[in-house]
Amino acid sequence: MFKTIYVSMDIYADLKTQNPKPFSVTILRHQEVHAKNVSLFKTLKFILSKDFRVKEETLAYTAMFKHLKQHNQTFDLDHLARDFSKLRYIWMTSYAEGKKLITKIWEEA
Numbered sequence: 000m001f002k003t004i005y006v007s008m009d010i011y012a013d014l015k016t017q018n019p020k021p022f023s024v025t026i027l028r029h030q031e032v033h034a035k036n037v038s039l040f041k042t043l044k045f046i047l048s049k050d051f052r053v054k055e056e057t058l059a060y061t062a063m064f065k066h067l068k069q070h071n072q073t074f075d076l077d078h079l080a081r082d083f084s085k086l087r088y089i090w091m092t093s094y095a096e097g098k099k100l101i102t103k104i105w106e107e108a
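Using numbering that gives the first Met the number 0, read the sequence shown as starting at 0 and increasing by one per residue.
Pasting the structure below:
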């Protein structure tokens with residue numbers, strides 16, 4: 000159930016090449032973490048529980064950031080912290096909380 004991974008067309012096209020960009024691979028790794036953990040119950044829990052969303056996104060971004068660091072890549076932590084406080088992440092955190100969380104994940108990855 001729900002094992003399909005969706006990425007943007009540009010990421011998908013890049014992933015199909017002989018040498019995809021490290022960023023495209025990290026997006027795939029991030030989504031694989033979500034796909035591995037998904038079920039109807041967990042989907043509902045993701046929507047309804049801020050703490051569960053934080054836990055799931057921490058796992059996914061840890062995998063993503065480890066891969067980025069292995070390839071000497073950077074990531075816009077500030078932009079992601081802002082996204083955490085918007086609809087995209089169902090208002091998971093405030094900007095300040097998101098910045099603290101994502102910085103910690105980046106530093107520990």
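Just so you know, even glycine gets a beta-carbon here, dropped at the ideal spot from N, CA and C.
{"query": "How do the segment 46-63 and the segment 11-20 stand: do at least 3 beta-carbon pairs fall below 8 Å, yes or no?", "result": "no"}
{"query": "Jot down the residue ranges of each uninterrupted alpha helix (DSSP H) in the segment 9-46, minimum 4 residues, whole runs only, in chain order.", "result": "21-36"}
{"query": "Tell me which residue opens and which closes the alpha helix (DSSP H) that residue 92 is part of.", "result": "No alpha helix (DSSP H) holds residue 92; DSSP gives it neither H nor E."}
{"query": "In chain order, what residues of the same chain lie with their CB nearer than 6 Å to the CB of residue 62, ignoring the 5 residues before and after it?", "result": "28 and 32"}
{"query": "Among 93, 91, 84 and 69, whose alpha-carbon lies nearest the alpha-carbon of residue 105?", "result": "69"}
{"query": "Leaving out five residues before and five after residue 171 in sequence, what residues of the same chain have Cβ atoms less than 7 Å from its Cβ?", "result": "No answer is possible for residue 171: the residues shown for the chain start at 0 and end at 108."}
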